[in-house]
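**Student:** Chains as they are written, first to last, in numbering that gives the first Met the number 0: chain A, 0 to 137; chain B, 0 to 137; chain C, 0 to 137. Glycine is no exception: its CB is placed at the ideal position from the N, C-alpha and C atoms. Attaching a single structure in C-alpha cells format; questions to follow.
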Amino acid sequence: MKSYREELWFEIPTRRALVNITPQVEASLRRSGIQEGLLLCNAMHITASVFINDDEPGLHRDFERWLERLAPEKPYSQYEHNVGEDNADAHLKRTIMGREVVVAVTQGRLDLGPWEQIFYGEFDGKRRKRVLIKIIGE
Amino acid sequence: MKSYREELWFEIPTRRALVNITPQVEASLRRSGIQEGLLLCNAMHITASVFINDDEPGLHRDFERWLERLAPEKPYSQYEHNVGEDNADAHLKRTIMGREVVVAVTQGRLDLGPWEQIFYGEFDGKRRKRVLIKIIGE
Amino acid sequence: MKSYREELWFEIPTRRALVNITPQVEASLRRSGIQEGLLLCNAMHITASVFINDDEPGLHRDFERWLERLAPEKPYSQYEHNVGEDNADAHLKRTIMGREVVVAVTQGRLDLGPWEQIFYGEFDGKRRKRVLIKIIGE
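This is the structure:
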C-alpha cells in the first residue's frame, strides 16, 4: 500500500468564495503515482468546506443566497459563539456544505462523473487556510 | 491491496425518488471478494445523492416535504442557475442529503448498524444516471 | 494492509447532546498500530451523527437552536414518521450534521487541523447507541 499527503493553501481576499480545486487535486494525484485507491480531500478548518458540485456561476450565486437564508451572517449578535468572534454563521454554512469528499482513484485518475468538480468553500476568509489531500492505494 | 469498481445505473421515472440500494451494494461487495476494507458509494451526478437512513415510507415523505421547504423546486425563476435549466433545487437538495457514504467492510460484509440502509436519492430524474461503488481492502 | 475495528458505546441521558470523542478516536488509532491510512468514524444509528467542528460551548448552543429551527422536534404530529415514534426530527437533524467523517492518518496520528475536533451528535438519546471506528492502512 502506498500513501501520499499534500496540503493546498489558500488566502481568499473575501469573506466567502467557492474555488474550483479539481486541477490541483488531479495534479496531487499524479504526483502520488497511485493508480487504484481512495483520495480524501478535506478542509482543515471548521469554517470552510470541500464539496463536489457544478462549476456554474449562477448556481454559485444561488448557493450564496441559499446559505445566507439558512444560516445568515448578520446580525452577529444572534449567535452565542460570536463573543469576540463574528464567524458562527461560517461554522453552520460549512456544516451544510460538508467538510470533506472521498473520491475513487481508478487507473491513476479521479473517478468523477461528467459534471463533478471539487470545490473549496470559504466562509470566513481573509486569512491563510489549508486543505488536506490524503491518498491511499497502490 | 485489492480494489474493485462497479457502476449502478438508474432511470427514475419521476423527478424525485429515494431508492434502497443496499442489496445491490452488498452484491457488489460479494463480487469484489474483499473481506476487510472501506467501500465508497457516491452519486456520479450533482443532482443526486447517496445517503444512509431508515427505510420507512413515512420518513421518506417527511424528507420530501422537508427538502421542498429548505430548497423549493418552484418558482424556477428564484434561482439564477435556472437559465435553460430547471434543476437548481436538485443541486441544493442533494447538498443537504450528501454525495457519498463510506462504509466499513468487515468479514466480507457491509458493517452497518441495525437500521442503516443505503439509498440513492434522485432529485432530477427521468434520465439515466449512475452511482459509483469503489472498494479497497484485502 | 492492516485493518482495525472498534465500537464506542454511548448512553446519553438527554434527548440531544454533542460529545467530543477525539480522545477516544485517538486512543483507538494508537491501539490499531496503523501509521499511514484512513480512519472512518460513523454513527451506527440513523438518529445520531459523527461530525467535525469546534469545541466551543456557545457554538454548540447555536447548533441546538439552529437545528431546532431547520427541523423542529415538536409538534410531533408534523411528521408522518411519527406514528408510534417521536424521533423524525432526529433523522433530519442528523442528515444536516452528517453520518460520518473520514480522517487521514499520518505518522500514527489523526491528521486534523488546529481546531478540528470529532463529535458524537446525539439527537434521540436516553438509550444505548454505537459509533464505529474502522481504520485501514499500514
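Check each candidate in B:Leu-91, B:Pro-74, B:Gly-36 and name the one with the smallest Cα separation from Phe-62 of chain A.
**Tutor:** Taking the first sequence and counting its residues from 1, one reaches residue 62 of chain A at position 63. The option with the nearest alpha carbon to Phe-62 of chain A is B:Leu-91.
**Student:** Starting from Asn-41 of chain C, follow its DSSP beta bridges and name the residues at the other end.
**Tutor:** Residue numbering aside, residue 41 of chain C sits at position 42 when the third sequence is read from its first letter. For Asn-41 of chain C, which the question treats as bridged, DSSP gives the partners C:Glu-99, C:Leu-131.
**Student:** Starting from Ile-117 of chain C, follow its DSSP beta bridges and name the residues at the other end.
**Tutor:** Position 118 of the third sequence, counted from the start, is the residue given in the question as residue 117 of chain C. In DSSP, Ile-117 of chain C forms a bridge with C:Ile-51.
**Student:** Can you name, in chain order, every residue of its own chain whose Cβ lies under 7 Å from the Cβ of Asp-66 of chain B, other than the five neighbours on each side?
**Tutor:** Here residue 66 of chain B refers to the residue found at position 67 when the second sequence is read from its first residue. For the sequence presented, residue 66 of chain B should be read as Leu rather than Asp. Here the set comprises Lys-92, Ile-95.
**Student:** Mind pulling the chain C residues with CB within less than 8 Å of Arg-129 of chain A?
**Tutor:** Stepping through the first sequence from its first residue, residue 129 of chain A is reached at position 130. Here the neighbours are Gly-112.
**Student:** Within 10 Å of its beta-carbon, does Gly-32 of chain C have 16 or more other beta-carbons around it, so buried, or fewer, so exposed?
**Tutor:** Within the third sequence, residue 32 of chain C is the residue found at index 33, counting from 1. By the neighbour-count rule (16 or more Cβ atoms within 10 Å), Gly-32 of chain C is not buried but exposed.
**Student:** May I ask you to report which of helix, strand or coil DSSP gives Phe-122 of chain A?
**Tutor:** In the first sequence, residue 122 of chain A corresponds to position 123, counting from 1. Phe-122 of chain A: coil per DSSP, three-state reduction.
**Student:** If you drop the 5 nearest sequence neighbours on each side, which residues of the same chain put their C-beta closer than 7 Å to that of Thr-46 of chain A?
**Tutor:** By 1-based counting over the first sequence, the position of residue 46 of chain A is 47. For Thr-46 of chain A, where only same-chain residues beyond five positions count, the Cβ hits under 7 Å are Asn-86, Ala-89, His-90, Arg-93, Phe-122, Asp-123.
**Student:** Would you say Tyr-78 of chain B faces chain A, with C-beta separation under 8 Å as the test?
**Tutor:** As a position in the second sequence, residue 78 of chain B is number 79, starting the count at 1. At least one chain A Cβ lies under 8 Å of Tyr-78 of chain B.
**Student:** Thinking just about the alpha-carbon of each residue, which of A:Arg-29, A:Pro-74, A:Tyr-75 is nearest to the one in Ser-2 of chain A?
**Tutor:** As a working note, residue 2 of chain A is residue 3 in the first sequence. Nearest C-alpha to Ser-2 of chain A: A:Arg-29.
**Student:** When the Cα atoms are used, what is the spatial distance from Tyr-119 of chain A to Tyr-119 of chain B?
**Tutor:** Residue mapping note: residue 119 of chain A aligns to position 120 of the first sequence, counting from 1. Residue mapping note: residue 119 of chain B aligns to position 120 of the second sequence, counting from 1. Rounded to the nearest angstrom, the two C-alpha atoms are 25 Å apart.
**Student:** Which residues in the same chain as Gly-107 of chain A place their Cβ atom closer than 6 Å to its Cβ, once the five residues preceding and following it in sequence are excluded?
**Tutor:** Residue 107 of chain A sits at position 108 when you count from the first residue of the first sequence. The answer, listed in chain order, is Gln-34.
**Student:** From this set, C:Gln-116, C:Gln-77, C:Val-130, which residue's C-alpha is nearest Glu-139 of chain C's C-alpha?
**Tutor:** The first residue shown for chain C is 0 and the last is 137, placing residue 139 of chain C beyond what the model contains.
**Student:** Give me the chain A residues within the contact set of Val-101 of chain C, using Cβ-Cβ distance strictly less than 8 Å, ordered along the chain.
**Tutor:** Looking up residue 101 of chain C in the third sequence gives position 102. Result: Leu-39, Asn-41, Glu-99, Val-101.
**Student:** For the beta strand (DSSP E) containing Val-18 of chain C, name the first residue and the last one.
**Tutor:** Translated into positions along the third sequence, residue 18 of chain C becomes position 19. Segment 16-19, the beta strand (DSSP E) holding Val-18 of chain C.
**Student:** Mind checking which residues open and close the alpha helix (DSSP H) that includes Glu-6 of chain B?
**Tutor:** In the second sequence, the residue the question calls residue 6 of chain B occupies position 7. Premise fails: Glu-6 of chain B lies in the beta strand (DSSP E), 1-10, not in any alpha helix (DSSP H).
**Student:** Out of A:Gly-136, A:Leu-111, A:Tyr-75, which has the shortest C-alpha to C-alpha gap to Glu-25 of chain A?
**Tutor:** As a first step, residue 25 of chain A must be located in the first sequence, where it is residue number 26. Ranking the options by Cα distance to Glu-25 of chain A, first place goes to A:Leu-111.
**Student:** Quick one, are the C-beta atoms of Gly-136 of chain B and Ile-135 of chain C less than 8 Å apart?
**Tutor:** Walking along the second sequence from the start, residue 136 of chain B turns up at place 137. Walking along the third sequence from the start, residue 135 of chain C turns up at place 136. Yes, Cβ-Cβ distance for Gly-136 of chain B and Ile-135 of chain C is below 8 Å.
**Student:** Roughly how many angstroms lie between the CA atoms of Gly-36 of chain B and Glu-99 of chain C, to the nearest whole one?
**Tutor:** As a first step, residue 36 of chain B is located in the second sequence; it is residue number 37 there, counting from the start. As a first step, residue 99 of chain C is located in the third sequence; it is residue number 100 there, counting from the start. So the two alpha carbons sit approximately 16 Å from each other.
**Student:** Suppose you measure from the CA of Thr-105 of chain B to the CA of Glu-5 of chain C; what does that come to, to the nearest Å?
**Tutor:** Here residue 105 of chain B refers to the residue found at position 106 when the second sequence is read from its first residue. Here residue 5 of chain C refers to the residue found at position 6 when the third sequence is read from its first residue. Distance between the alpha carbons of Thr-105 of chain B and Glu-5 of chain C is about 11 Å.
**Student:** Note the first and the last residue of the continuous alpha helix (DSSP H) segment covering Pro-71 of chain C.
**Tutor:** To locate residue 71 of chain C, count along the third sequence from 1; it is residue 72. Segment: none, Pro-71 of chain C is in no alpha helix (DSSP H) and carries neither H nor E.
**Student:** Just the C-alpha distance for Val-101 of chain B and Ala-42 of chain C, rounded to the nearest angstrom, thanks.
**Tutor:** Locating residue 101 of chain B in the second sequence gives position 102, where the first residue counts as 1. Locating residue 42 of chain C in the third sequence gives position 43, where the first residue counts as 1. For Val-101 of chain B and Ala-42 of chain C, the distance between alpha carbons rounds to 12 Å.
**Student:** Considering only residues of the same chain and omitting the five flanking positions on each side of Pro-12 of chain C, which have a CB-CB separation below 8 Å?
**Tutor:** Here residue 12 of chain C is taken as the residue at index 13 of the third sequence, counted from 1. So the list reads Gly-124, Lys-125, once near-sequence residues are dropped.
**Student:** Does chain C have any CB closer than 8 Å to the CB of Gly-36 of chain B?
**Tutor:** In the second sequence, counting from the first residue as 1, residue 36 of chain B sits at position 37. True, the Cβ-Cβ gap to chain C drops below 8 Å.
**Student:** For Glu-10 of chain C, does the count of other Cβ atoms within 10 angstroms reach 16, so buried, or fall short, so exposed?
**Tutor:** In the third sequence, counting from the first residue as 1, residue 10 of chain C sits at position 11. Flag for Glu-10 of chain C reads exposed.
**Student:** If you drop the 5 nearest sequence neighbours on each side, which residues of the same chain put their C-beta closer than 6 Å to that of Asp-53 of chain A?
**Tutor:** For this step, residue 53 of chain A is matched to residue 54 along the first sequence. So the qualifying residues of the chain are Trp-114.
**Student:** Please report the Cβ distance between Glu-79 of chain A and Arg-60 of chain C, rounded to the nearest whole angstrom; I am assuming they are in contact, meaning their Cβ atoms lie under 8 Å.
**Tutor:** On the first sequence, position 80 is the one that residue 79 of chain A refers to. On the third sequence, position 61 is the one that residue 60 of chain C refers to. 5 Å between Cβ atoms; contact.
**Student:** What in chain C is Cβ-close to Asp-146 of chain B, meaning under 7 Å?
**Tutor:** This structure leaves residue 146 of chain B out entirely; chain B is present only between 0 and 137.
**Student:** For Ile-135 of chain B, go through chain A and note every residue whose CB falls closer than 7 Å to its CB, in chain order.
**Tutor:** On the second sequence, position 136 is the one that residue 135 of chain B refers to. Chain A residues near Ile-135 of chain B: Gly-36, Leu-37, Gly-136.
**Student:** Note down, in chain order, each residue of its chain lying with its Cβ closer than 6 Å to the Cβ of Lys-133 of chain B, except the 5 sequence neighbours on either side.
**Tutor:** Taking the first residue of the second sequence as position 1, residue 133 of chain B is located at position 134. Closer than 6 Å at the Cβ level, and outside the excluded window around Lys-133 of chain B, lie Arg-4, Leu-39.
**Student:** Let me confirm a value: Lys-73 of chain A is counted as buried when at least 16 other C-beta atoms fall within 10 Å, else exposed. Which label applies?
**Tutor:** The residue labelled residue 73 of chain A in the question sits at position 74 within the first sequence. Exposed, because fewer than 16 other Cβ atoms sit within 10 Å of the Cβ of Lys-73 of chain A.
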